[in-house]
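These protein sequence lines are chains A and B, in that order.
One point on numbering: in my numbering, the residue at position 74 of the first sequence is 74, and numbering is uninterrupted.
Quick note, my numbering runs 113 ahead of the 1-based positions in the second sequence.
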Amino acid sequence: DAKTTQPPSMDCAEGRAANLPCNHSTISGNEYVYWYRQIHSQGPQYIIHGLKNNETNEMASLIITEDRKSSTLILPHATLRDTAVYYCIVRADYGGSQGNLIFGKGTKLSVKP
Amino acid sequence: SQTIHQWPATLVQPVGSPLSLECTVEGTSNPNLYWYRQAAGRGLQLLFYSVGIGQISSEVPQNLSASRPQDRQFILSSKKLLLSDSGFYLCAWTSGTEAFFGQGTRLTVV
């Protein structure tokens, strides 16, 4: 079973920041937070991941709370092409191998003009 | 660069017919390989994963099987398809912290 909880859907105006929350209250010390998104009828696309520090790349920023029980994915300037289902996943790192990616139901983000 | 090939893109098969979906990976060695299924309007369900040639782990008991005859080849099979096997099947590989997905096969069992 997925170890994360996300709202089923969110709307965002084009050009505004999209903030997608995720709860992972049972996360353990060796588990990373990963974010993927799936545009309709395509395979999931990797966005970003982190352990405890905030992370930023060309696609998004990831903010992880100090207790690591929740996180927020931020798309700074949402476009219509960002409309997709966004999955938050916790995945273990065993120092040489990683755990499986177990997907929940995700958040369907609709970016509106 | 690493790429993942999955085919066919779409498939319509009658109930009771066999199934073989193939996935190959390029540009990496000894990847972890995965098969996922996504039923209409639902999330991705992990079906099988493999950490090496001939090593298959099943996450959900069902009408499907998987094989890994070569390091970068992962095959999903069924001897007799059921209507409930319809869905979007995705192959994925991981090597390190990232995972990459194929473009999927949309299977319709009629």
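All C-beta atoms in this analysis are idealised placements derived from N, C-alpha and C, irrespective of residue type, glycine included.
Check the C-beta distance from residue i over to residue j and give it rounded, since I have them as a contact under 8 Å.
{"i": "Gln-119(B)", "j": "Gly-217(B)", "result": "7 Å"}
{"i": "Arg-219(B)", "j": "Thr-116(B)", "result": "Incorrect: roughly 20 Å between the Cβ atoms, too far for contact."}
{"i": "Val-222(B)", "j": "Ser-190(B)", "result": "With 8 Å as the limit, Val-222(B) and Ser-190(B) do not qualify as a contact, their Cβ atoms being about 14 Å apart."}
{"i": "Gln-186(B)", "j": "Glu-135(B)", "result": "7 Å"}
{"i": "Ala-17(A)", "j": "Leu-75(A)", "result": "7 Å"}
{"i": "Leu-159(B)", "j": "Ile-64(A)", "result": "Not quite, the Cβ-Cβ distance comes to about 24 Å (not below 8 Å), so this is no contact."}
{"i": "Phe-239(B)", "j": "Gln-151(B)", "result": "No statement about residue 239(B) is possible, as the shown extent of chain B runs from 114 to 223 and does not include it."}
{"i": "His-49(A)", "j": "Thr-210(B)", "result": "6 Å"}
{"i": "Tyr-46(A)", "j": "Asp-93(A)", "result": "15 Å between Cβ atoms; not a contact."}
{"i": "Val-138(B)", "j": "Leu-196(B)", "result": "Wrong, their Cβ atoms sit about 31 Å apart, outside the cutoff."}
Which residue wins for smallest C-alpha separation from residue i, given the options the options?
{"i": "Thr-72(A)", "options": "Thr-79(A), Tyr-86(A) and Gly-43(A)", "result": "Tyr-86(A)"}
{"i": "Ala-205(B)", "options": "Asp-67(A), Gln-42(A), Leu-80(A) and Thr-56(A)", "result": "Gln-42(A)"}
{"i": "Gly-139(A)", "options": "Asn-19(A), Glu-58(A), Cys-22(A) and Lys-69(A)", "result": "An answer regarding residue 139(A) cannot be provided, because it is not within the stretch 1 to 113 covered by chain A."}
{"i": "Tyr-83(B)", "options": "Gly-156(B), Ser-142(B), Ser-133(B) and Ile-188(B)", "result": "Past the boundaries of the shown model lies residue 83(B); chain B is included only from 114 to 223, so the question cannot be answered."}
{"i": "Cys-12(A)", "options": "Thr-65(A), Ala-78(A) and Arg-91(A)", "result": "Ala-78(A)"}
{"i": "Asp-67(A)", "options": "Ile-47(A), Leu-51(A), Pro-7(A) and Thr-56(A)", "result": "Leu-51(A)"}
{"i": "Pro-21(A)", "options": "Glu-31(A), Met-10(A) and Gly-15(A)", "result": "Met-10(A)"}
{"i": "Ala-60(A)", "options": "Tyr-36(A), Asp-93(A) and Ile-102(A)", "result": "Tyr-36(A)"}
{"i": "Ile-39(A)", "options": "Val-90(A), Ile-102(A), Leu-80(A) and Pro-113(A)", "result": "Leu-80(A)"}
{"i": "Lys-3(A)", "options": "Ile-89(A), Asp-93(A), Lys-112(A) and Val-111(A)", "result": "Ile-89(A)"}
{"i": "Glu-55(A)", "options": "Tyr-34(A), Gln-45(A) and Pro-44(A)", "result": "Tyr-34(A)"}
{"i": "His-24(A)", "options": "Gly-106(A), Ala-84(A), Asp-82(A) and Gly-15(A)", "result": "Gly-106(A)"}
{"i": "Ser-149(B)", "options": "Gly-140(B), Leu-177(B), Gln-183(B) and Leu-194(B)", "result": "With the sequence shown as reference, residue 149(B) is identified as Tyr, and Ser is not the correct amino acid for it. Checked all of Gly-140(B), Leu-177(B), Gln-183(B) and Leu-194(B); the closest Cα to Tyr-149(B) is Leu-177(B)."}
{"i": "Val-164(B)", "options": "Arg-155(B), Gly-156(B) and Pro-182(B)", "result": "Pro-182(B)"}
{"i": "Ser-180(B)", "options": "Gly-154(B), Ser-130(B), Asn-145(B) and Leu-194(B)", "result": "Asn-145(B)"}
{"i": "Ser-142(B)", "options": "Ala-212(B), Asp-184(B) and Lys-192(B)", "result": "Asp-184(B)"}
{"i": "Gln-168(B)", "options": "Leu-203(B), Tyr-147(B) and Leu-132(B)", "result": "Tyr-147(B)"}
{"i": "Pro-8(A)", "options": "Leu-132(B), Pro-121(B), Arg-155(B) and Gly-140(B)", "result": "Arg-155(B)"}
Would you list the one or two residues that DSSP bridges to residue i?
{"i": "Met-48(A)", "result": "The sequence as given places Ile at residue 48(A); Met does not occur at that position. Trp-35(A)."}
{"i": "Glu-135(B)", "result": "Trp-120(B) and Ile-188(B)"}
{"i": "Glu-55(A)", "result": "Leu-62(A)"}
{"i": "Ser-178(B)", "result": "Ser-190(B)"}
{"i": "Lys-108(A)", "result": "Ser-9(A) and Val-85(A)"}
{"i": "Glu-19(A)", "result": "Going by the sequence as given, residue 19(A) is Asn instead of Glu. DSSP, once it has assigned bridges, lists Ile-74(A) as partnering Asn-19(A)."}
{"i": "Asp-42(A)", "result": "Note that residue 42(A) corresponds to Gln in the displayed sequence, not to Asp. For Gln-42(A), which the question treats as bridged, DSSP gives no partner whatsoever."}
{"i": "Phe-201(B)", "result": "Gln-151(B) and Arg-219(B)"}
{"i": "Asn-30(A)", "result": "Answer is none; Asn-30(A) lacks a bridge partner."}
{"i": "Thr-207(B)", "result": "Asn-145(B) and Ala-212(B)"}
{"i": "Val-90(A)", "result": "Val-33(A)"}
{"i": "Gly-99(A)", "result": "Note: Gly-99(A) sits in no beta bridge, so no partner."}
{"i": "Ser-171(B)", "result": "Phe-161(B)"}
- Query: Which of the residues in the segment 46-75 of chain A, read from start to end, lie with their CB under 9 Å from any CB of chain B?
  - Reply: Listed by position along the chain: Tyr-46 and His-49.
- Using a Cβ cut-off of 7 Å, which residues of the segment 153-182 of chain B contact any Cβ in chain A, in chain order? If the cut-off is 7 Å between Cβ atoms, the segment 153-182 of chain B has Gly-156, Leu-157, Leu-159 and Tyr-162 near chain A.
- Cβ-based contacts, 7 Å cut-off: residues of the segment 192-208 of chain B near chain A: Residues passing the 7 Å Cβ filter: Leu-203 and Thr-207.
- Message: Taking beta-carbon pairs under 9 Å, can you tell me which members of the segment 31-47 of chain A lie near chain B?
- Response: Residues passing the 9 Å Cβ filter: Tyr-32, Tyr-34, Tyr-36, Gln-38, Ser-41, Gln-42, Gly-43, Pro-44, Gln-45 and Tyr-46.
- Listed from N- to C-terminal order along the chain, which residues in the segment 100-113 of chain A have their beta-carbon within a distance smaller than 8 Å of any beta-carbon of chain B? The segment 100-113 of chain A vs chain B, Cβ under 8 Å: Asn-100, Leu-101, Ile-102, Phe-103, Gly-104, Lys-105 and Gly-106.
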